[in-house]
Structures are given as C-alpha cells and as structure tokens.
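Have a look at the structure below, then the notes.
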Amino acid sequence: GKDPKPFPPPMRICKEMVEGMGGNSSPGYQSFKSKCCQAFKILRRHAKLIINLLYLMTDSGIKDLCGDPQFAILKVEQKFQALMDDEQAEEHFLKLIDESVNALFPVMMEKFHKLSIAMQ
Numbered sequence: 001g002k003d004p005k006p007f008p009p010p011m012r013i014c015k016e017m018v019e020g021m022g023g024n025s026s027p028g029y030q031s032f033k034s035k036c037c038q039a040f041k042i043l044r045r046h047a048k049l050i051i052n053l054l055y056l057m058t059d060s061g062i063k064d065l066c067g068d069p070q071f072a073i074l075k076v077e078q079k080f081q082a083l084m085d086d087e088q089a090e091e092h093f094l095k096l097i098d099e100s101v102n103a104l105f106p107v108m109m110e111k112f113h114k115l116s117i118a119m120q
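Residue numbers (full-length UniProt numbering): 1 to 120.
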C-alpha cells in the first residue's frame with residue numbers, strides 16, 4: 001500500500017511486540033512465527049484466486065485499486081513470491097519478520113514523533 005511514512009518496515013511488528021510474546025527465543029514468539037508462515041503458505045496456495053478477485057474489484061471504487069489497478073495488483077502478486085517454492089518463500093517471510101523487528105528507521109521516526117509532540 002501507500003505508506004505515508006518514509007522507509008516503512010515490510011511488516012508492522014516491533015521489538016515491544018516480540019517482548020510481549022516472551023522474547024526472541026521464547027516458545028510464544030516461535031509459535032507466532034510458525035503461525036505466520038503457515039498463513040502465508042495458505043495464502044500463497046490461493047494466490048491466483050486472490051489476484052482474480054482483485055481484478056474483479058477494480059471497478060469497486062476502492063481507492064488503492066482505482067488509481068492504477070494493474071500496478072496495485074502486481075504489487076500484491078509480487079508479495080506472494082510465486083517464483084519461489086514453499087521452503088524458499090518461508091525463509092523469505094521469516095527474513096521479513098526479522099527485518100521488521102530489527103528495523104531502525106521506524107524506531108527513530110517514533111522517537112522524533114514523540115519529541116515533536118513534546119515540543120508543541
């Protein structure tokens with residue numbers, strides 16, 4: 001989608017969320033990652049159906065589909081990593097989770113945001 005923040009992480013998950021699950025090596029966080037991968041693989045198996053549904057929705061008036069539907073649908077299609085097998089896609093997805101948890105820029109932006117609010 002169109003994220004108003006510069007350099008958005010691939011996924012909205014922060015260190016505090018991981019800590020809430022018990023930390024990086026906790027069973028809770030490992031279960032979370034496992035369930036995320038299961039969901040991703042299930043969605044990948046139905047990627048063609050999802051893409052076809054998006055094509056059917058191009059005249060629906062949905063803002064992100066109306067402007068440039070081909071581009072929007074292509075972006076969704078790319079997220080499914082169709083050229084990878086399930087194992088490669090799972091590795092890729094786990095890397096996205098790790099990148100998101102360890103992303104520095106969102107942390108800096110959040111601190112800047114809090115500072116600007118405090119200065120008002």
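Every residue, glycine too, gets a C-beta built ideally from N, C-alpha and C.
With 16 other CB atoms within 10 Å as the buried threshold, where does residue i fall?
i, result
"alanine 72", "buried"
"methionine 90", "One detail in the question is off: residue 90 reads as glutamate in this sequence, not methionine. Result: buried."
Below 7 Å CB to CB, which residues in the same chain sit around residue i once its five sequence neighbours on both sides are set aside?
i, result
"proline 69", "Thr58"
With DSSP run on the structure shown, which of helix, strand or coil describes residue i?
i, result
"alanine 103", "coil"
"asparagine 24", "coil"
"proline 10", "coil"
"glutamine 78", "helix"
"methionine 57", "coil"
"aspartate 85", "coil"
"isoleucine 51", "helix"
Quick check: what's the CA-CA separation for residue i versus residue j?
i, j, result
"lysine 15", "asparagine 102", "7 Å"
"asparagine 52", "leucine 96", "25 Å"
For residue i, which residues of its own chain have a beta-carbon under 8 Å away from its beta-carbon, when the five flanking residues on both sides are left out?
i, result
"methionine 84", "His92"
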